[in-house]
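Trainee: A single structure is presented below for examination.
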Amino acid sequence: MLTFQDSEIKDFINTDIPSYQRGTLLEAINANSTEADFYDVIGRQLTGEGSSKTMLLNTGPAISKSSFWDKVKKEVYIFICTSDKKYKTERNLIGKNFKEVATIIATAIAGTFSLGTGVVVGIVTNILISIVKVNQNAWCELQKENQ
């Protein structure tokens, strides 16, 4: 079960997260929300998939594209909530502090998408905050329903 103190998560955000994502993630941790949807909104902001506040009117057809946020969330689900062999080695490396957990998961998932860790570490951190705040078992059940 993943449990961490807010102070440990904030320290990680302030030292290891790219500066342009820090404010959004600090907002997520300070909100103390237990609603998974709240963290989905934050996640979509971090991936650039949130709705534009400057758009006045949608005039074109909706473009059906897969969501990077949903893909990363699915990979975290596989890592945290299942015993899938895809992440078996990385699972065995996980330590007890937030920095190790976030870094190992972000590195493993970044490799899945052929991206640098810095691209996904903020997104993974938001998902881990959600897991800690909502409760790991509840979060896993919610994700299982969406698979």
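Quick note: my numbering has the sequence shown finishing at residue 131, numbered continuously throughout. Ideal placement from N, C-alpha and C gives every residue a C-beta, glycine not left out. Remember, it's a predicted structure, so these values are computed and weren't measured experimentally.
So, at 7 Å on beta carbons, what are the nonlocal neighbours of Asn110 in its own chain, with the 5 sequence-adjacent residues on each side left out?
Mentor: In the sequence shown, the residue the question calls residue 110 occupies position 126. Contacts found: Leu9, Ala12, Tyr23, Ile26, Gly27, Leu30.
Trainee: Among Glu129, Arg6, Val85, which residue has its Cα nearest to the Cα of Lys58?
Mentor: Here residue 58 refers to the residue found at position 74 of the sequence shown. Of the listed residues, the one whose Cα sits closest to Lys58 is Glu129.
Trainee: Does Gln5 pass the burial test, meaning 16 or more other C-beta atoms within 10 Å, or should it be called exposed?
Mentor: Residue numbering aside, residue 5 sits at position 21 when the sequence shown is read from its first letter. Looking at its Cβ environment, which holds 16 or more other Cβ atoms inside 10 Å, Gln5 is buried.
Trainee: Check this for me: beta carbons of Ala92 and Glu74, under 8 Å apart or not?
Mentor: Numbered from 1 along the sequence shown, position 108 holds the residue referred to as residue 92. Numbered from 1 along the sequence shown, position 90 holds the residue referred to as residue 74. Yes; because the gap between Cβ atoms is below 8 Å, this pair is in contact.
Trainee: Let me know the secondary structure DSSP gives Gln131 once reduced to three states.
Mentor: Taking the sequence shown and counting its residues from 1, one reaches residue 131 at position 147. Note: Gln131 maps to coil in three-state DSSP.
Trainee: Which residues in the same chain have their Cβ closer than 6 Å to the Cβ of Met39, if we skip the five residues on either side of it in sequence?
Mentor: Here residue 39 corresponds to residue number 55 of the sequence shown, with the count starting at 1. Note that Met39 scores 46 on pLDDT, short of 50, meaning its location in the model is unreliable; the coordinates nonetheless yield the value given after this. Answer for Met39: no residue qualifies.
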